[in-house]
Amino acid sequence: MVIRPALLVLLAALCALPAGAQTRRELRDARRSAESQEAAAEAAARATEAARAEETRLAEQRVVAARAVQAAEARLNQAEGAARRAAQDAAGAMQDRQARAAAIAPLLPLLYRLERWPAESLLATPAAPEESLRGLLAMQVLIRQAGQEAEAFRLAAARATETARLAAREADRLSEARAEARAADARLEAALDAARGRRANREAQQTQAARRAQAAIGRARDLEQALERLERERAAEEARQAARQRAAEEAARRARRPPPVAEAPVTPSRGGHPLPVPGQITREFGSSGEGGTARGMTVAAGPRARVVSPCGGRVAFAGPFRSFGQLIIIDCGGGVHVVLARLERLDTAMGERVLAGEPVGSLSSDAQLYVELRRNGQPSDPRGFFRG
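Residues -21 to -1, 1 to 367, numbered by mature numbering (1 follows the signal peptide of the UniProt record, and there is no 0), are exactly what the sequence shown covers, in order.
Dropping the structure here:
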């Protein structure tokens, strides 16, 4: 859709109405929203960094915990090995003791008699007295050796049994320590998994916050650029109007003619122009109110009222325009334009030719029609343009 420079000027002039103030309010709101979204994005980035730091800290703690588990398992393996060897030593000592006891078991009755009745046992021996005495002495030596060996075997078995018991108790203690280390490692693993989940969630929130911030910044930038463009166009038009005014005054001075009087409102054609919509005028041209002095008039109509063209001409613009809703600009010829705003539906399009009284759209159930008359780009009082 191509919009001519004159139409751009007209649209720029419309921005001086309450819609211009609204646009500036929208720009301020957009800037505040962009600042808020940027702050939210920065907070999300800080939260993400904190989550990453927590994840790193827990991972480092888990490394230490894993080393503790490995050390506990190594000590437990050593203790269990020592317990097995001690148990084997105790079992071997018992076996040696039992084997020695079995070897001397046949001699125990004889040794018992010799210990209790040595003289009688010697006299009862059929051998010579000297041989019997030597045998008796030998048996006494054997008795002493057997007793010493038995005591040595008993002490060895007792020591081995005690060593096995202590080793088994140490193995039990180390098994509990290993279980505690494994439990601590499992807790750290669970905490690390939770930290990873929080970090992933923070990263997703950071991404979303950054996107919202970029969107808000883009909207503020677009509104600012649009407002600056409209301000430039309006300033250029005002400069052209001032130049034309100065040229007219200079020509008047040269011709020694009196200054030109202000142009009167557009005179109606024979019979006047029809109102675009039947209704009551709720705000007159030139009245003061919110947004400054009214440059047009506002007409309250019935629900879904049809809006007609007040003149025959060409549709210079038709479409949505900022807070005006659907807006139509009709070129009536002779430098006269009629602006119809706040429509809900359009029944015409840009570039079409319309007749006076031809329907061009309709209002909503509670809307009011804004009507503005412009002559050579300047607002004019529309009351003399319409009949009634």
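By construction, the Cβ of each residue, glycine as well, lies at the ideal position given by its N, Cα and C atoms. Remember, predicted model here, so these are calculated numbers, not experimental data.
DSSP-derived helix/strand/coil call for residue i
i    : result
E242 : Residue placement at E242 cannot be trusted, given a pLDDT of 37 that sits under 50; what the coordinates show is reported in the next sentence. Residue state, collapsed to three classes: coil.
G71  : helix
S267 : strand
G176 : helix
F365 : strand
G298 : strand
A169 : helix
G250 : Unreliable placement is indicated for G250, whose pLDDT of 41 sits below 50; no coordinate value is reported for it.
P237 : Confidence at P237 is low in this model, with a pLDDT of 49, below 50, so its placement is unreliable and no value can be given for it.
Delimiting residues of the beta strand (DSSP E) encompassing residue i
i           : result
residue 372 : One cannot answer for residue 372 here, as it falls past the ends of the chain, which runs -21 to 367.
V256        : Neither: V256 is in no beta strand (DSSP E) and is coded neither H nor E.
A279        : M276 to A279
S359        : Q357 to S359
Residues that residue i bridges to, as DSSP identifies them
i    : result
M329 : According to DSSP, M329 bridges with nothing at all.
E323 : In DSSP, E323 forms no bridge with anything.
D310 : R293 and H316
A335 : According to DSSP, which records beta bridges pairwise, A335 is partnered with nothing at all.
R285 : S341
L348 : V278
P88  : Beta-bridge pairing links P88 to no other residue.
R353 : H316 and P358
T272 : S267
Q305 : P299 and L322
Beta-carbon proximity of residue i to residue j, cut-off 7 Å
i           : j    : result
V256        : V286 : yes
R157        : A51  : yes
S341        : R324 : yes
E203        : L37  : no
residue 370 : Q16  : A query on residue 370 cannot be resolved here, the shown segment of the chain reaching from -21 to 367 and no further.
Q184        : A23  : yes
S34         : A174 : In the sequence as displayed, the identity of residue 34 is Glu instead of Ser. For E34 and A174, yes; Cβs fall inside 7 Å.
A284        : A328 : no
E216        : G275 : no
A147        : A44  : no
A26         : A188 : no
T277        : Y349 : yes
V315        : R362 : no
F364        : L254 : no
Q40         : L167 : yes
Requested in this report: Indicate whether the contact test is met: 3 or more Cβ pairs, each with one atom in the region 327 to 347 and one in the region 273 to 292, closer than 8 Å.
Outcome: Contact holds: three or more Cβ-Cβ distances are below 8 Å.
**Report entry** Cβ contact check for the region 53 to 71 and the region 210 to 218: 3 or more pairs under 8 Å
**Finding:** By the Cβ criterion, the region 53 to 71 is not in contact with the region 210 to 218, since fewer than three pairs of Cβ atoms, one from each stretch, lie closer than 8 Å.
Query raised in the report: Does the count of Cβ pairs from the region 71 to 80 and the region 152 to 166 closer than 8 Å reach three?
Result: A contact between stretches requires three or more CB pairs, one per stretch, nearer than 8 Å, and the region 71 to 80 fails this requirement with the region 152 to 166.
**Report entry** Cβ contact check for the region 4 to 20 and the region 139 to 148: 3 or more pairs under 8 Å
**Finding:** Of all C-beta pairs linking the region 4 to 20 to the region 139 to 148, fewer than three are shorter than 8 Å, placing the two stretches out of contact.
Query raised in the report: Contact between the region 258 to 278 and the region 295 to 307: three or more CB pairs below 8 Å?
Result: The region 258 to 278 and the region 295 to 307 do not touch, with fewer than 3 CB-CB distances between them shorter than 8 Å.
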